[in-house]
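Structure first, commentary second.
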Amino acid sequence: MAPDQDYDQDNSHVDDTQKYFFKCMVGDFPEKMAIPQKFVENFKGHISEVIKLEAPDGNIYNIQAIRDLNKIVLGPGWGVFVSFYKLKVGYFLVFRYIGDSHFKVLIFDFGTCCEKEVFHVPMNCDPNAQEKESNSESHRRCELCDVHFYWHHLDDRQKHFLRLMVGDFRREMSIPQKFVNNFRGRISEVMKLEAPDGNIYNFKVTKDLNKIVLRYGWAAFASDYELKEHDLLVFRYIGDSHFKVLIFDPSGCEKQSVHIVLNHAPNVPKTGISHDRSFIRETRRRDCGSHDNNSRKTKKMTLVDSPSPRFEGVTSPEVTMNSGGLREITELHYVLATGCNLTTSQKAEVDALVKKVRPVIPFYITAMNKTSMSGSLVICKDYAAKYLPHEDQFITLCHPHKSNIWVDNLKVITDGSCMLSVGWSCFVLHNELRESDICLFEVSKNDGEVTMVVHSLEGGHHLQGEYATH
């Protein structure tokens, strides 16, 4: 069964008022926003020409919904919402349908993975009125008051945070530092997490350098719900060290398979994998008319459990120089920029990473120099022509072992190469990159949006995190 068909079967049993989607503010978001195609195709109800969008402060905006080639795009009225709430590149918006073409929205700051606090005090003003000058003294005081209100007076059960699954997400997950620092309630040594299917998991909470980390029990949860890189999880506190979680895939829609209720005794929290979720998924597929389960399972086992022959020659690749200023590895697992020379140990670590990640698009590997440290990084034209957008576009930068993301405007230079600038500078600063460090760019694309996960080999020539070789 194709993935979209699988989604259709799962989605048909979910009430529209239990459906969510998210959007990351990139590209031309100040002018328009498209509802994810998968959400539109599987929505059972009717979305009228004018939808209502309810902000966290309770104000409701009427926004015209334009149908364009089977897409639904928020047009007139959307710009007012963007301007009034000062949406910025990289903000995440989570939408919940509540009926009658009416959506509620949560607004998250990508830098902190927490909600924007200033939007939670009821404003009792005309949403269509022009906003006051943002740098006025009264406005600054208002924002400070709103931040204080959110953390010190708003009911904890109305608070959310999000986490993007990158890095070592299969083994552990940390709660955002800002949430930990400002949360009024108490998180006990055992935290409960309620999945979309109603199952409750117990996690042992550990404190690591003032961080709160979910370790014991998290791997079982990640395996049970088949969490994958770039999945997005949104957490809501409901009291007594208990959180509910929504699980989204990179399409912007919920992973509907997680709504299938596992058949275990009610009110018995799970602390590990006591049910084989893959068996339940296979059973459901058979019920839906799929007759290829054995071959699907065999393929999956081959992919996960046995080494793929296409990686056998990676440790001794043939290298050719082309006219675009880069050296290309014949196996096309990674491409070296001019001037980037790997030691034997570095090659071994890169090969180990290739085997773990199995990149669809070859890694781009470059060495940090004074230019890339001071604010801009140029990607060679031949690599850019093959694998990157051919016009300026906002992209997302991620560190493999951190939940934060950085948004940058990928600029296409006249000679065909591409350049990262402002967002790259922030990434370098926050991740403490140094001159001569080796950076490996793992590029992925989804619905035209580009994400780069940046792995780094430090000056000591050893790869950070789970990809380190010993």
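So for the sequence shown, this note's numbering puts the first residue at 632; every next one is plus one.
Idealized CB from N, CA, C, for every residue including glycine.
{"Asked": "On the DSSP letters alone, give me the boundaries of the beta strand (DSSP E) that Gln-695 sits inside.", "Found": "691–699"}
{"Asked": "Between the alpha carbons of Lys-886 and Ile-878, how many angstroms are there, rounded?", "Found": "6 Å"}
{"Asked": "Would DSSP call His-733 helix, strand or coil?", "Found": "strand"}
{"Asked": "Can you list, in chain order, the residues of its chain whose CB lies under 7 Å from that of Ile-818, leaving out five sequence neighbours each side?", "Found": "Val-836, Ile-843 and Ser-872"}
{"Asked": "Cβ of Ser-884 within 8 Å of Cβ of Pro-687?", "Found": "Residue identity check: residue 884 is Cys in the sequence provided, not Ser. Cβ distance not < 8 Å, so Cys-884 and Pro-687 don't count as in contact."}
{"Asked": "Tell me whether Tyr-856 sits in a helix, a strand or coil according to DSSP, three-state version.", "Found": "coil"}
{"Asked": "Do Ser-1087 and Leu-1064 have their CB atoms nearer than 8 Å?", "Found": "yes"}
{"Asked": "What would DSSP say about Met-1004, mapped onto helix, strand or coil?", "Found": "helix"}
{"Asked": "Residues bridged to Gly-870 by DSSP?", "Found": "His-873"}
{"Asked": "Among Tyr-868, Phe-800 and Phe-814, which has the Cα closest to the Cα of Ala-851?", "Found": "Phe-800"}
{"Asked": "Provide the residue span of the beta strand (DSSP E) that contains Thr-743, from first to last.", "Found": "Careful: Thr-743 lies outside any beta strand (DSSP E) and carries neither H nor E."}
{"Asked": "Is the number of C-beta pairs between the stretch 1038–1057 and the stretch 669–679 that are closer than 8 Å three or more?", "Found": "no"}
{"Asked": "For Leu-737, is the classification buried or exposed, using 16 other Cβ atoms within 10 angstroms of its Cβ as the cut-off for buried?", "Found": "buried"}
{"Asked": "Give me the Cβ distance between Pro-993 and His-1021, rounded to the nearest whole Å; I'm assuming they're in contact under 8 Å.", "Found": "Contact flag wrong, Cβ pair sits at about 18 Å."}
{"Asked": "In this structure, how does DSSP classify Val-797 when only helix, strand and coil are distinguished?", "Found": "coil"}
{"Asked": "Please go through the same chain and pick out, in chain order, the residues whose beta-carbon is closer than 8 Å to the beta-carbon of Glu-748, but skip the five residues on each side of it.", "Found": "Asp-777, Val-778, Phe-780, Tyr-781 and Trp-782"}
{"Asked": "So what does DSSP say about Ser-939, is it helix, strand or coil?", "Found": "Unreliable positioning characterises Ser-939 in this predicted model, as indicated by a pLDDT of 28, which lies under 50. A coordinate reading is not provided."}
{"Asked": "Roughly how many whole angstroms lie between the Cα atoms of Arg-794 and Leu-718?", "Found": "19 Å"}
{"Asked": "Is Thr-1027 buried or exposed, if buried means 16 or more other CB atoms sit within 10 Å of its CB?", "Found": "buried"}
{"Asked": "Within the same chain, show all residues whose beta-carbon is closer than 7 Å to that of Tyr-847, passing over the 5 residues directly before and after it, in chain order.", "Found": "Phe-834 and Lys-835"}
{"Asked": "Decide if Ile-996 is buried, meaning its Cβ has at least 16 other Cβ atoms within 10 Å, or exposed.", "Found": "buried"}
{"Asked": "Hey, how far is the Cα of Asp-862 from the Cα of Met-796?", "Found": "5 Å"}
{"Asked": "Would Leu-984 be called buried (16 or more neighbouring beta carbons within 10 Å of its own) or exposed?", "Found": "buried"}
{"Asked": "Closest to Gln-695 by C-alpha separation, out of Arg-802, Asn-701, Glu-685 and Val-681, would be which residue?", "Found": "Val-681"}
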